[in-house]
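Everything below concerns the one structure shown next.
Number of protein chains: 2
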Amino acid sequence: MSEQLAEGVIELLRQRGLRMTPQRRVIVSEIMRTQGHISPTALARRVQGELPGVNASTIYRTLSVLEEAGVLAHAHLEGGAEYHRAEDAGHVHLACSRCGAEDDLSLDEADALQQLIEQHHGFLPDLTHFAISGLCAECRRELSAG
Amino acid sequence: MSEQLAEGVIELLRQRGLRMTPQRRVIVSEIMRTQGHISPTALARRVQGELPGVNASTIYRTLSVLEEAGVLAHAHLEGGAEYHRAEDAGHVHLACSRCGAEDDLSLDEADALQQLIEQHHGFLPDLTHFAISGLCAECRRELSAG
DNA sequence: GTATATGCAAAGGTTTTGCACAGCC
DNA sequence: GGCTGTGCAAAACCTTTGCATATAC
Numbered sequence: 000m001s002e003q004l005a006e007g008v009i010e011l012l013r014q015r016g017l018r019m020t021p022q023r024r025v026i027v028s029e030i031m032r033t034q035g036h037i038s039p040t041a042l043a044r045r046v047q048g049e050l051p052g053v054n055a056s057t058i059y060r061t062l063s064v065l066e067e068a069g070v071l072a073h074a075h076l077e078g079g080a081e082y083h084r085a086e087d088a089g090h091v092h093l094a095c096s097r098c099g100a101e102d103d104l105s106l107d108e109a110d111a112l113q114q115l116i117e118q119h120h121g122f123l124p125d126l127t128h129f130a131i132s133g134l135c136a137e138c139r140r141e142l143s144a145g
Numbered sequence: 000m001s002e003q004l005a006e007g008v009i010e011l012l013r014q015r016g017l018r019m020t021p022q023r024r025v026i027v028s029e030i031m032r033t034q035g036h037i038s039p040t041a042l043a044r045r046v047q048g049e050l051p052g053v054n055a056s057t058i059y060r061t062l063s064v065l066e067e068a069g070v071l072a073h074a075h076l077e078g079g080a081e082y083h084r085a086e087d088a089g090h091v092h093l094a095c096s097r098c099g100a101e102d103d104l105s106l107d108e109a110d111a112l113q114q115l116i117e118q119h120h121g122f123l124p125d126l127t128h129f130a131i132s133g134l135c136a137e138c139r140r141e142l143s144a145g
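Here you go:
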């Protein structure tokens, strides 16, 4: 399935007049097979594992290209910026500041939050762009118990 | 008023056995008079304007000390980490990705959001830790008009 | 006097950029 | 063949750290 995703992206880049190099192929295929988010550094490691010698600057430049093409988007998590597939939008990220656990809000929940913010400010939030930090249920229990 | 805040902080640091140097005095006074958030770099500029020669590492170390003492907290905005007074908690930050405008949710609104998230996951969010990105009302209008 | 805070310099990490060369179309 | 993409190296940031010195208490 991610193979097909990668194919589609390659097609789209072609249509935009962009060139498909071996590096781009590997980068696209890696990031399209990634569930959720990945940092540029982590992506670089994976890509270099598959095609040694790919330079970090190529990773960054390709990520920009893909973001401009609407294929990717980035979000801010505790550790910095991470990239995810644009079609994976709606993933509102919950990150536990104590144990690092990660969870996502459902689309319905995200909608409810969005409407709440929208009503009071006319502000249209993109809740996917920043994570939501806090304490997961388990850590809350442990803290109140201990 | 911010003078009194700074006094209180200095008192608190004293009680903790921390020393009050001229550098710390200026840093504390600058950050206590700051409404909202400020980046370490921006703070450094201000402090150095008032007391030339203060090293950046002193700024960072003092920010850490103040955060550990519970006086400050940091939040993640588009441009990176920024510090704000801990008592200014509850400031949920709305940042327009188009024009850069900034706004805050009211405490009631923040509570409503928090409860919504809490109900569905047992996750206790700290909505102040990351900003909420999106489009402000004005930019939405301009975009739909243009 | 002693423990702590500072300045300085260096290192660390991530991301960007200029440039010559390679390679896609 | 021409233009785009890549690697390399350097730079630009931001932040941290080790160490000698200065200084608050």
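Note that the protein sequences, when read in sequence, are chains A and B. Quick note: the first sequence, position 52, residue 51 per numbering that gives the first Met the number 0, numbers continuous. Quick note: the second sequence, position 8, residue 7 per numbering that gives the first Met the number 0, numbers continuous. Positions of the beta carbon are idealized from the N, C-alpha and C atoms, including for glycine.
Other residues of its chain near residue i: CB distance less than 8 Å, five sequence neighbours each side excluded
i: residue 59 (chain A); result: 39
i: residue 117 (chain A); result: 123, 124
i: residue 88 (chain A); result: 72, 127
i: residue 108 (chain B); result: 91
Proximity of residue i and residue j at Cβ, strictly below 8 Å
i: residue 26 (chain B); j: residue 37 (chain B); result: no
i: residue 91 (chain A); j: residue 110 (chain A); result: no
i: residue 134 (chain A); j: residue 97 (chain A); result: yes
i: residue 112 (chain A); j: residue 112 (chain B); result: yes
i: residue 120 (chain B); j: residue 136 (chain A); result: yes
Other residues of its chain near residue i: CB distance less than 7 Å, five sequence neighbours each side excluded
i: residue 139 (chain B); result: none
i: residue 28 (chain B); result: 5
i: residue 35 (chain B); result: 83
i: residue 23 (chain B); result: 61
Nearest-angstrom Cα separation, counted from residue j out to residue i
i: residue 51 (chain A); j: residue 41 (chain A); result: 14 Å
i: residue 11 (chain A); j: residue 49 (chain A); result: 23 Å
i: residue 95 (chain B); j: residue 101 (chain B); result: 6 Å
i: residue 74 (chain A); j: residue 83 (chain B); result: 22 Å
i: residue 57 (chain A); j: residue 46 (chain A); result: 11 Å
i: residue 130 (chain B); j: residue 81 (chain B); result: 11 Å
i: residue 20 (chain A); j: residue 54 (chain A); result: 13 Å
i: residue 68 (chain B); j: residue 78 (chain B); result: 25 Å
i: residue 43 (chain B); j: residue 65 (chain B); result: 15 Å
i: residue 17 (chain B); j: residue 9 (chain B); result: 9 Å
i: residue 13 (chain B); j: residue 76 (chain A); result: 35 Å
i: residue 7 (chain A); j: residue 145 (chain A); result: 51 Å
i: residue 15 (chain A); j: residue 115 (chain A); result: 38 Å
i: residue 70 (chain A); j: residue 3 (chain A); result: 14 Å
Interface partners of residue i on chain A, CB under 8 Å
i: residue 110 (chain B); result: Within 8 Å Cβ-Cβ: nothing; residue 110 (chain B) doesn't reach chain A, min ~11 Å.
i: residue 124 (chain B); result: 93, 131, 132, 133
i: residue 115 (chain B); result: 108, 111, 112, 115
i: residue 102 (chain B); result: 120, 122
Beta-carbon neighbours of residue i, restricted to chain A and to distances below 9 Å
i: residue 136 (chain B); result: 120, 121, 122, 123
i: residue 139 (chain B); result: 121, 122, 123
Interface partners of residue i on chain B, CB under 7 Å
i: residue 73 (chain A); result: Within 7 Å Cβ-Cβ: nothing; residue 73 (chain A) doesn't reach chain B, min ~11 Å.
Residues near residue i in its chain [Cβ-Cβ closer than 6 Å; skip 5 each side]
i: residue 132 (chain A); result: 94, 96
i: residue 142 (chain B); result: none
i: residue 99 (chain A); result: none
Contacts of residue i in chain B (Cβ-Cβ under 8 Å)
i: residue 36 (chain A); result: Simply none; closest approach about 14 Å.
i: residue 90 (chain A); result: By Cβ distance, chain B contributes nothing, its closest Cβ being about 14 Å from residue 90 (chain A), past 8 Å.
i: residue 83 (chain A); result: Simply none; closest approach about 15 Å.
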